Each structure stands twice: as C-alpha cells, then as structure tokens.
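With full-length UniProt numbering applied, the sequence shown covers 1 to 143.
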Amino acid sequence: MMRQVQHHDSKSLYINVNGVQPHFGIVEFALVTGLLCNGNTSIKIQTDENRLVKRYFGSPTVTWYDLDSFWFVFRSSIDDDQSEHLSNQFFCTQEAKHDVCNEESPTNADLKKEIDGLKAHVDMKFNEILQAFTSLKNNLDVI
Numbered sequence: 001m002m003r004q005v006q007h008h009d010s011k012s013l014y015i016n017v018n019g020v021q022p023h024f025g026i027v028e029f030a031l032v033t034g035l036l037c038n039g040n041t042s043i044k045i046q047t048d049e050n051r052l053v054k055r056y057f058g059s060p061t062v063t064w065y066d067l068d069s070f071w072f073v074f075r076s077s078i079d080d081d082q083s084e085h086l087s088n089q090f091f092c093t094q095e096a097k098h099d100v101c102n103e104e105s106p107t108n109a110d111l112k113k114e115i116d117g118l119k120a121h122v123d124m125k126f127n128e129i130l131q132a133f134t135s136l137k138n139n140l141d142v143i
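In structure tokens, the structure reads:
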C-alpha cells in the first residue's frame, strides 16, 4: 500500500491508497484518534520518551543559527559524500554521544584543515565558473 499526501483542501487530508483517495477530515480524525471517547485513553497512547533518540543522540543542542551558519558556507560547493562527512563531524562535536559517531571528536586543527580544504574547493569551483563565463563572453564578442 502506498500513501501519498495531497493538499486539495487545507481542512482535509486526502491519501492515495492504491489509486483510491478516501476523504479524511476532522470527523474521521476525531474517530481515529479517539477524541470523542469518554473512557481512559492513556493506555492507547505512548507517553514515555523516545528511547531510540535518547539512546543514539543523547540530548544535543542544535539551534537554527548553528545549522544556518554551518550550511551557509557549504550548501552549494560540496557533493553528497562530503556533505554527509561534514554533517557527521558537526553533530559529533555537539553534545551527542561520541560512541555513536564512529570516530573520535575532531580537534580544532582537524576542523581548520577541513575548512581550509573546503575553501580551496569553493575557490576552484568559482574559478571554473569565472573561466566559463569569460570563455562565453569571448565567444559572443567574436560573433
């Protein structure tokens, strides 16, 4: 069974189930979630913490500013493998548990070396783009 959320109406949820789109509005939501129940519904709801998140990630504190400042420099200049490696290093240096990171926490010298390498990569890509534009301009000047 494949489910796909579609936004035809902001007050309803339509799910594509094998080509059929059953309507799922607030009444159906109330029925499914038990909002109209009079009995004790706490036995049906998981109230404890998500132990998997706590086990693997501890309680890292990552703000939107951290994410934005981290990705601002790198978002368009690295490939997927470098992105995965850098994000792993970034979160390992936060409050996450080190045994999950599968590597030791990098030193400041390692991080500086990594950033310098990425800056060189960005400069190289920028120069390639600049050369391409220069070549295009020269070709247009000839015509």
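Idealized CB from N, CA, C, for every residue including glycine. The model shown is predicted, which means the values in this text are computed figures rather than measured ones.
For residue j and residue i, the rounded distance between their alpha carbons
i      : j      : result
Lys137 : Gln131 : 10 Å
Lys97  : Leu111 : Because Lys97 sits at a pLDDT of 45, beneath the cut-off of 50, its placement in the model cannot be relied upon, and the following sentence gives the value as read from the coordinates. Rounded to the nearest angstrom, the two C-alpha atoms are 19 Å apart.
Lys113 : Lys119 : 10 Å
His121 : Ala109 : 18 Å
Pro106 : Asp116 : 15 Å
Phe126 : Ser135 : 14 Å
Asp141 : Val20  : 58 Å
Asn139 : Glu128 : 16 Å
Chain B contact for residue i (CB, 8 Å cutoff)
i      : result
Phe126 : This model lacks chain B altogether, as it is built from one protein chain only.
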